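Asks: Chains as they are written, first to last, in the working numbering: chain P, 129 to 520; chain B, 11 to 394. Have a look at the structure that comes next, please.
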């Protein structure tokens, strides 16, 4: 029945002269999302609106699902297209539409006709009242309410006539690629994929870095991260995933530094490495899944000590979230089940039974001086030997 | 060169087996139930496979049933017997060291109202025949004991167990999970008083997805897979001709050289255990000599997490098994190691090496060499 979708967009409407940049990015992202859906789709901008037109049979549910993952879309309106073959045919199409969509439900409605084709013989006001009358005659359960109706029945007169009334909510946010690029520190846990999702939602293109510690972390742990990146990429679009071999650095810290400081020092070097990849990829910031107080390395003190090595802004979209709130989002975006697979990640293997929770920056820096001999070379090696996996 | 020491997980199929399977998929691909010539041809292969398996077990052809593998065989043996015998009693005896494919159906039966005795084992994994005999009552319909333990290789005294069970209660059905024993040790169900015996094809160079249940004549058992009535109505489903023929060929190839291969694997095992015994803080599990299976060595390298050692050996081209995977959050231990009273430190550091007849002494020497090199390094880095 539905042959097209009218796309309502979120905050793009308030952009001024840059608006076309946002609209074009949105169209690009929509085309990308629809590419994997069965059917032929064309995404067009006309008269300040974005339409998805279809040609022939297509997977309706698949198309809606795909569009619901495109950031920037506030709502998706399934559209029925009728040929302009005179008012009688139009009236019949409108009545059929109401019967099909609302069946026997009791609803109040209002017809909102708009003429893009001004040559149409009736005015918008005439169309509203005439079509409203036909609906009342045909559907005894529908009542008119012009002030606060349940249903706005939109009738747009173009080359063809577009009918729509329902709006399926979209994800909101802004089209990916309109707000620069940032590097996500992706672990195998619940939080970091959600953090990536949230920043991508604001229009940021995401790249990612994962710290692999063979033989302490297995190939399956790495595969799990690749799978998580794929799930985030369904929303964010392609991700360049850098897999860094972190074992040597980790063991070196283990040997040279106090054990209760291991995690915090390790995280400082992870941040530094992430920044090296960020700079290489043209990113302007780092993204982490940290949330205040969740674990020892995420207390306010630890965050401050970790952050101190960074020169780029570090975005922590989950900073004020409780664990359950993060879990809820991860279930919604489909990363939860993968995240809870029981493979060890490199943060947990050597973790001290009682790690420092209030690290002192001066003490940490002094401990790091024990690494002076080899750490720069090791960092260079880790950076140079990282594996790049293109996730699309 | 890779050194594959995980043959108790699965084996590489013999090339002859793979060729036969291919032929039966591409050329003689008929359905044995079909009336035309293609069906008749396929049926010949099936009949021959059944004959081979029967001959190896010194059994009758009508006592051989093909299944989808060891897990199905065990499930059928336990649930099928319990359902058929429930009016005669509701008591089942098994051990604490059975494979999950026995444990889970037993628990299922327990939920259905059967009462279950799970016998403990000594520190080498042996069931006490006296204790088993004591546990058998007039109510006992089924006893299930594995032939060879899959984790530590203990060989249970099944012949003695069978004799004692039958002496105490002749109508008790005796099931033996022989999945790790077939092709390694001589098995004669009839002599050993075994009524039901499970076998899995891929453990002895056959294909995956095929197994066998020996059902001694006149044993009361209900079919679980119902349908077109294949295999005398006892196990419906289109016959897996390539699987059955492939398994039978592999079984024949292995059993024709059983003695020779067994001696070879014992030598391999001795070489490995001798080397391990010289290393510090290594604990060997299971039994020595012929009371242990020829193909399995289980050792704990104290202070080294099994998974880490596994991946380290993997990076050197050596493939072993780490029992049940564990993470820092959930340390599931192996039930067998728990049952033999292994400490937490031993359970967390246990690795299984399992051989086949193509494992060489050089493989073992290289493995020992590698272990001697990596263990001290891995011990240096442990969680404090």
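We put the CB at the ideal spot given by N, CA and C, even for glycine. Nothing here was measured: the structure is a model prediction, and the numbers come from that model.
Rounded to a whole number of angstroms, what is the C-alpha to C-alpha distance between residue 279 of chain B and residue 26 of chain B?
Replies: Start at 1 with the first residue of the second chain, and residue 279 of chain B comes out as number 269. Start at 1 with the first residue of the second chain, and residue 26 of chain B comes out as number 16. Taking the straight line joining both Cα atoms gives about 27 Å.
Asks: Among the candidates B:179, B:161 and B:213, whose CA atom is the shortest distance from the CA of residue 3 of chain B?
Replies: Not covered by the structure: residue 3 of chain B. The range shown for chain B is 11 to 394.
Asks: Please decide whether residue 318 of chain B counts as near chain P, where near means a Cβ-Cβ distance under 7 Å.
Replies: Within the second chain, the letter at position 308 stands for residue 318 of chain B. Closer than 7 Å: yes.
Asks: Under three-state DSSP, which class holds residue 362 of chain B?
Replies: By 1-based counting over the second chain, the position of residue 362 of chain B is 352. Reduced to three states, the DSSP call for residue 362 of chain B is strand.
Asks: Per DSSP, which one or two residues make a beta bridge with residue 310 of chain P?
Replies: Here residue 310 of chain P refers to the residue found at position 182 when the first chain is read from its first residue. BP columns for residue 310 of chain P point to P:334.
Asks: At what residues does the beta strand (DSSP E) containing residue 221 of chain B begin and finish?
Replies: Locating residue 221 of chain B in the second chain gives position 211, counting from the first residue. Residue 221 of chain B -> beta strand (DSSP E) spans 221-225.
Asks: Would you mind sorting residue 255 of chain B into buried or exposed? The rule is 16 or more other CB atoms within 10 Å of its CB.
Replies: In the second chain, residue 255 of chain B corresponds to position 245, counting from 1. Looking at its Cβ environment, which holds 16 or more other Cβ atoms inside 10 Å, residue 255 of chain B is buried.
Asks: Just the chain P side, please: which residues come within less than 9 Å of residue 363 of chain B by C-beta, in chain order?
Replies: The sequence position of residue 363 of chain B within the second chain is 353, counting from 1. Going along chain P, no residue has its Cβ under 9 Å from residue 363 of chain B, so there is no contact; the nearest lies around 17 Å.
Asks: Report the CB separation of residue 316 of chain B from residue 356 of chain B in whole angstroms; it is logged as a contact under 8 Å.
Replies: On the second chain, residue 316 of chain B is found 306 positions in, with the first residue counted as 1. On the second chain, residue 356 of chain B is found 346 positions in, with the first residue counted as 1. Between residue 356 of chain B and residue 316 of chain B the Cβ distance is about 10 Å, and since that is not below 8 Å, they are no contact.
Asks: Could you spell out where the alpha helix (DSSP H) holding residue 295 of chain B opens and where it closes?
Replies: Looking up residue 295 of chain B in the second chain gives position 285. Careful: residue 295 of chain B lies outside any alpha helix (DSSP H), inside the beta strand (DSSP E) at 292-295.
Asks: Report back the beta-carbon spacing between residue 367 of chain P and residue 318 of chain P to the nearest angstrom; my notes put them in contact at under 8 Å.
Replies: Counted from its first residue, the first chain places residue 367 of chain P at position 239. Counted from its first residue, the first chain places residue 318 of chain P at position 190. Not a contact, Cβ separation roughly 18 Å.
Asks: Please tell me whether residue 464 of chain P has its Cβ less than 7 Å away from any Cβ of chain B.
Replies: As a first step, residue 464 of chain P is located in the first chain; it is residue number 336 there, counting from the start. Judged by the 7 Å Cβ criterion, residue 464 of chain P is not in contact with chain B.
Asks: Taking only beta-carbon positions, decide if residue 391 of chain B is within less than 7 Å of chain P.
Replies: Start at 1 with the first residue of the second chain, and residue 391 of chain B comes out as number 381. Answer yes: the Cβ-Cβ gap between residue 391 of chain B and chain P drops below 7 Å somewhere.
Asks: Is there at least one Cβ from chain P nearer than 7 Å to residue 322 of chain B's Cβ?
Replies: In the second chain, residue 322 of chain B corresponds to position 312, counting from 1. It does: the Cβ of residue 322 of chain B has a partner Cβ on chain P nearer than 7 Å.
Asks: If you measure between the beta carbons of residue 296 of chain B and residue 135 of chain B, is that distance less than 7 Å?
Replies: Against the second chain, residue 296 of chain B aligns to sequence position 286. Against the second chain, residue 135 of chain B aligns to sequence position 125. Yes, Cβ-Cβ distance for residue 296 of chain B and residue 135 of chain B is below 7 Å.
Asks: Could you pull the start and end residues of the alpha helix (DSSP H) that residue 63 of chain B belongs to?
Replies: Here residue 63 of chain B corresponds to residue number 53 of the second chain, with the count starting at 1. Start and end: 47-66.
Asks: With DSSP collapsed to three states, give me the class of residue 4 of chain B.
Replies: In the structure as shown, chain B begins at 11 and stops at 394. Residue 4 of chain B is therefore absent and cannot be evaluated.
Asks: Taking Cβ positions only, does residue 499 of chain P come closer than 7 Å to chain B?
Replies: As a working note, residue 499 of chain P is residue 371 in the first chain. By this cut-off, residue 499 of chain P is not an interface position.
Asks: Suppose only complete runs of 3+ residues qualify. What are the beta strand (DSSP E) ranges in the region 95-158 of chain B, listed by chain order?
Replies: With a minimum length of 3 residues, the continuous beta strand (DSSP E) runs that stay inside the region 95-158 of chain B are 101-105, 125-129 and 150-156.
Asks: So, helix, strand or coil for residue 172 of chain B, using DSSP?
Replies: Mapped onto the second chain, residue 172 of chain B falls at position 162. Helix.
Asks: I want to see whether chain P comes within less than 7 Å of residue 325 of chain B, judged by CB atoms only; does it?
Replies: Locating residue 325 of chain B in the second chain gives position 315, counting from the first residue. Judged by the 7 Å Cβ criterion, residue 325 of chain B is in contact with chain P.
Asks: Report whether the distance from the Cβ of residue 220 of chain P to the nearest heavy atom of the ligand ADP is below 6 Å.
Replies: Although the ligand ADP was asked about, the structure shown includes no ligands whatsoever.
Asks: Between residue 373 of chain P and residue 343 of chain P, how many whole angstroms is the CB-CB distance? I'm expecting something under 8 Å.
Replies: Residue numbering aside, residue 373 of chain P sits at position 245 when the first chain is read from its first letter. Residue numbering aside, residue 343 of chain P sits at position 215 when the first chain is read from its first letter. Wrong, their Cβ atoms sit about 11 Å apart, outside the cutoff.
Asks: Measure the C-alpha to C-alpha separation of residue 469 of chain P and residue 425 of chain P and round it to an integer number of angstroms.
Replies: Stepping through the first chain from its first residue, residue 469 of chain P is reached at position 341. Stepping through the first chain from its first residue, residue 425 of chain P is reached at position 297. Approximately 22 Å, taken between the alpha carbons.
Asks: Return the first residue and the last residue of the beta strand (DSSP E) that residue 240 of chain P is part of.
Replies: Here residue 240 of chain P corresponds to residue number 112 of the first chain, with the count starting at 1. Residues 235-243.
Asks: For a contact defined as C-beta to C-beta under 8 Å, what are the partners of residue 524 of chain P on chain B?
Replies: Given that chain P is displayed from residue 129 to residue 520, the structure contains no residue 524 of chain P and the question cannot be resolved.
Asks: Give every residue of the same chain whose Cβ lies closer than 7 Å to the Cβ of residue 384 of chain P, excluding the five residues on either side of it in the sequence, and list them in chain order.
Replies: Taking the first chain and counting its residues from 1, the one referred to as residue 384 of chain P is at position 256. If we look at residue 384 of chain P and ignore the five residues flanking it on each side, its Cβ neighbours are 498 and 499.
Asks: Residues in its own chain within less than 7 Å of residue 251 of chain B by CB, not counting five upstream and five downstream?
Replies: Position 241 of the second chain holds residue 251 of chain B. Around residue 251 of chain B: 34, 42, 52, 55 and 56.
Asks: Name, please, each residue of chain B whose Cβ falls closer than 7 Å to the Cβ of residue 379 of chain P.
Replies: Here residue 379 of chain P refers to the residue found at position 251 when the first chain is read from its first residue. Near residue 379 of chain P (Cβ distances below 7 Å), the residues of chain B are 391.
Asks: So, is residue 117 of chain B buried or exposed, given that buried needs 16 or more other C-beta atoms within 10 angstroms?
Replies: Residue mapping note: residue 117 of chain B aligns to position 107 of the second chain, counting from 1. So residue 117 of chain B ends up on the exposed side.
Asks: In the DSSP assignment, the alpha helix (DSSP H) including residue 155 of chain P goes from what residue to what residue?
Replies: Looking up residue 155 of chain P in the first chain gives position 27. Run containing residue 155 of chain P: 147-162, per the alpha helix (DSSP H) assignment.
Asks: Under three-state DSSP, which class holds residue 202 of chain P?
Replies: Reading the first chain from its first residue, position 74 is the one you call residue 202 of chain P. Strand.
Asks: Touch check for the region 65-84 of chain B and the region 106-124 of chain B: three-plus C-beta pairs under 8 Å?
Replies: Short answer: they touch.
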